[in-house]
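Reading the sequence shown from the start, the letters are residues 79 to 486 in our numbering. A short write-up of the structure that comes next.
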Amino acid sequence: MIGSGMERRFSDLFGSLGEIGGSPVSGYDRLIFNPAELAARRWFRDQAQRLNLDVQTDGNTNMWAWWGSERSGAIGTGSHLDSVVKGGAFDGALGVVAALVAVEHLQQTYSEPLAPIAIIAFAGEEGARFGLPTLGSRLLSGAVDPQDVLTRTDSRGTTFGDAMAAAGFDPDAIGPDTGRMAQLSCYVELHVEQGRGLVDQGAAVGVISDVWPHGRYRIELTGIADHAGAATMDGRADPMLVLAEWIRAAEEAGGDRVRTTVGRVVVAPNSTNTIASGVSAWLDARGAVAEEVDAAVAAIREIAAHRAADRNVGMGFQEESWSPAVVFDSGLSERTQSVLARLGHESLPLATAAGHDAAVLGLQIPSAMLHVRNPTGVSHAPQEHASREDCVAGVEALAAVLEELACR
79 MIGSGMERRF SDLFGSLGEI GGSPVSGYDR LIFNPAELAA RRWFRDQAQR
129 LNLDVQTDGN TNMWAWWGSE RSGAIGTGSH LDSVVKGGAF DGALGVVAAL
179 VAVEHLQQTY SEPLAPIAII AFAGEEGARF GLPTLGSRLL SGAVDPQDVL
229 TRTDSRGTTF GDAMAAAGFD PDAIGPDTGR MAQLSCYVEL HVEQGRGLVD
279 QGAAVGVISD VWPHGRYRIE LTGIADHAGA ATMDGRADPM LVLAEWIRAA
329 EEAGGDRVRT TVGRVVVAPN STNTIASGVS AWLDARGAVA EEVDAAVAAI
379 REIAAHRAAD RNVGMGFQEE SWSPAVVFDS GLSERTQSVL ARLGHESLPL
429 ATAAGHDAAV LGLQIPSAML HVRNPTGVSH APQEHASRED CVAGVEALAA
479 VLEELACR
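Here it is in structure tokens:
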């Protein structure tokens with residue numbers, strides 16, 4: 079299955095997954111444990127079982143599909159099935175589909191790999207529902223406190239533990255899984271590029287060298303609700319005015335070295351003719367150098383404190399998550415780059431500012447990433463795209479890398 083056969087199989091699988099939870103035009107809403115995300119899990123199980131893979135779900139709700147009779151020294155691959163709100167069709171989904179098609183291709187040549195291959199569909203990579211990204215891989219590897227995860231709430235006040243139980247999983251089972259981590263010798267993930275680095279290089283597929291550090295932060299501003307007409311302008315304690323100044327300060331503090339985004343705001347009581355009594359807002363900050371991110375966030379926090387004091391508004395500020403910088407394993411990345419060169423894909427390694435499960439695992443085991451060209455450069459939105467030709471080139475590259483690592 080190569081050339082037209084691989085392209086046909088990729089189109090079939092990607093198309094069927096694309097019917098779950100939205101559309102390429104409207105975007106996708108596959109948030110962890112919602113009906114669409116659970117349907118995507120069933121889709122993954124069905125497709126893996128069709129390949130006679132042994133499908134398991136670990137205590138952290140990550141799904142594993144095994145090819146090979148052994149369970150040690152495994153080559154991990156895959157990505158995630160969840161999305162952000164109104165997300166694109168390719169983020170995560172491309173890596174899962176590519177892994178399934180790549181293994182099916184290898185099955186036509188090898189009755190069994192020399193080293194087992196585990197296709198992993200990680201849970202909650204986006205963090206869109208409960209605010210913590212790369213959730214499944216963090217829990218698996220012990221990078222987050224399970225109790226902190228269980229008590230996190232979504233926008234409706236539902237805790238992670240309750241949502242997990244309602245979906246049929248056991249909240250008592252989450253936490254570090256040293257046994258499963260020990261089964262993996264390395265991990266290789268294919269992902270759509272979130273940016274235009276490969277476009278600029280004129281390459282369909284490329285290797286990622288490292289991942290920028292990034293953090294998520296929440297600010298709570300507490301004012302006094304009042305009538306929009308009766309309250310004089312000079313007597314207000316309006317948290318919305320502090321928020322406006324804080325957002326502008328975040329842009330300025332980041333400069334050209336740190337990328338800052340305020341993408342979520344919750345206002346109470348959220349009424350047109352009422353001064354807000356409270357505002358919650360979330361800041362995403364990331365850059366190539368951790369110390370520069372820290373400095374920018376500290377400056378943003380200080381500005382918010384001054385503005386809040388000036389307007390008689392209370393303020394709370396806390397870090398919700400931090401993802402350290404990760405440099406992918408040089409040996410594995412060089413082997414991956416060599417395979418790509420053999421296939422005719424010549425490009426320079428690229429850094430990425432987007433977080434990935436491969437980066438979380440890369441703190442403990444050798445990991446590598448492949449990106450597929452995204453002509454729009456857009457991600458986390460319906461405009462995210464990769465051509466069918468480039469996607470198939472990515473599948474062929476992943477299959478060749480897995481063959482190199484597991485079958486020779």
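Positions of the beta carbon are idealized from the N, C-alpha and C atoms, including for glycine. Since the structure is predicted, the reported quantities are computational estimates derived from the model, not experimental observations.
- Cβ-Cβ separation between Leu410 and Val357: approximately 45 angstroms, too far for a contact (criterion under 8 angstroms).
- Each residue's CA atom was taken as its position, placing Thr430 and Gly472 some 17 angstroms apart.
- In the DSSP assignment, Ile198 forms a beta bridge with Trp142, Gly156.
- In this structure, the beta-carbon distance from Trp360 to Val340 falls below 8 angstroms.
- Of the candidates Phe247, Arg119, Ser161, Asn138, the residue whose Cα lies closest to the Cα of Ser104 is Ser161.
- In the DSSP assignment, Ser401 forms a beta bridge with His292.
- Residue state for Arg342 is assigned as strand, using DSSP reduced to three classes.
- Per the Cβ contact rule, the region 404-418 is in contact with the region 443-456 (3 or more Cβ pairs under 8 angstroms).
- Here DSSP, grouped into helix, strand and coil, assigns His458 to coil.
- Inclusion of Leu172 and His269 in the CB contact set at 8 angstroms is warranted, their separation being smaller than that value.
- The C-alpha of His158 is placed about 19 angstroms away from the C-alpha of Gln261.
- In the three-state reduction of the DSSP assignment, Leu418 falls in the helix class.
- Spatial neighbours of Arg364 in its own chain (CB-CB distance under 6 angstroms, excluding positions within 5 residues in sequence) are listed in chain order as Trp290, His292, Arg337, Ala431.
- In the DSSP annotation of this structure, the continuous segment of the alpha helix (DSSP H) that includes Met242 starts and ends at 238-244.
- Here DSSP, grouped into helix, strand and coil, assigns Thr310 to coil.
- Residue environment analysis places Met84 among the buried positions, since at least 16 neighbouring C-beta atoms fall within 10 angstroms of its C-beta.
- Arg108 carries a coil assignment under DSSP once its states are collapsed to helix, strand and coil.
- The C-alpha of Met242 lies about 44 angstroms from the C-alpha of Ala419.
- Minimum Cα-Cα distance from Gly209 among the listed residues Asp362, Gly313, Phe122 corresponds to Asp362.
- Counting only residues of its own chain and dropping the five nearest sequence neighbours on each side, Gly440 has a CB closer than 6 angstroms to the CB of Val404, Phe406.
- Under DSSP, Thr231 takes part in a beta bridge, and its partners are Thr237.
- Contact check for Asp435 against Phe200 passes: the beta carbons are separated by less than 8 angstroms.
- Between the region 228-246 and the region 94-112 there are three or more C-beta pairs closer than 8 angstroms, enough to call the two in contact.
- With 16 or more other Cβ atoms inside 10 Å of its own Cβ, Val222 counts as buried.
- Ranked by how close their Cα comes to the Cα of Ile197, the residues Leu131, Ser349, Asp278 have Leu131 in first place.
- According to the DSSP secondary-structure assignment, Val266 is paired through a beta bridge with Thr155, Ala446.
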